[in-house]
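Encoded as structure tokens, the structure appears first; notes follow it.
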Amino acid sequence: MQQILTPMLDTAFVLLIIAALLVVVGFCQPLAAYLKLPLPVILGVVGVALGGFPVVFSALGLAARSDPLSDIFLELPVSSESFIYVFLPLLVFEAGIVTDVRRTLDDAAPILLLAIVATLITTGIIALALWPLAGVPLV
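Mapping to numbering that gives the first Met the number 0: the sequence shown position 67 is 66, numbers consecutive.
The following block contains the structure:
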């Protein structure tokens, strides 16, 4: 009987965590309006903070290693690729919905400069910085 109840408790616990995360996301919208920052920025910061707390608590010894709440966040059964495929499109979609197209067209030159030229320059600088350490040819 104990073996049957454990998955049910785990399912309830996971649903509780998902509900709590939805509440956190619900509080992010007014926080973004108050701080006058885009919602994806706030969601990203909150996500990094939520992901970092268990690691920091575990590293500092503040959370017991057998703590089930820490274990859920430290040993997620979800791969990082699934986060990219599930959450990144939602963030990009939300940012695309709230973007003012006319204002974007007015700022097209700096946007393209940063998107293309600055990306190529940054890639080159990082490649040159890592070239002596990588042990592979530059080209």
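Even glycine gets a Cβ: it sits at the ideal position worked out from N, Cα and C.
Cβ-based neighbour list, residue i, same chain, cut-off 8 Å, excluding 5 preceding and 5 following
i: Thr103; result: Ile110
i: Met0; result: Model confidence at Met0 stands at a pLDDT of 44, short of 50, so the residue's coordinates are unreliable and nothing is read from them.
Close beta carbons around residue i, own chain, < 7 Å, minus the five adjacent residues each side
i: Leu38; result: Cys27, Gln28, Ala31, Glu93
i: Leu49; result: none
Cβ separation of residue i and residue j, assumed to be a contact under 8 Å, to the nearest whole Å
i: Leu90; j: Leu34; result: About 17 Å; that fails the 8 Å criterion.
i: Trp130; j: Leu119; result: Going by Cβ atoms, the distance from Trp130 to Leu119 rounds to 16 Å, so no, they are not a contact pair.
Backbone secondary structure at residue i - three-state DSSP
i: Pro136; result: coil
i: Thr98; result: coil
i: Gly51; result: helix
i: Pro29; result: helix
i: Leu61; result: coil
i: Leu87; result: helix
i: Pro37; result: coil
i: Asp9; result: helix
i: Asp105; result: helix
Among the options, nearest to residue i - alpha-carbon criterion
i: Val24; options: Val45, Asp9, Ser57, Phe12; result: Val45
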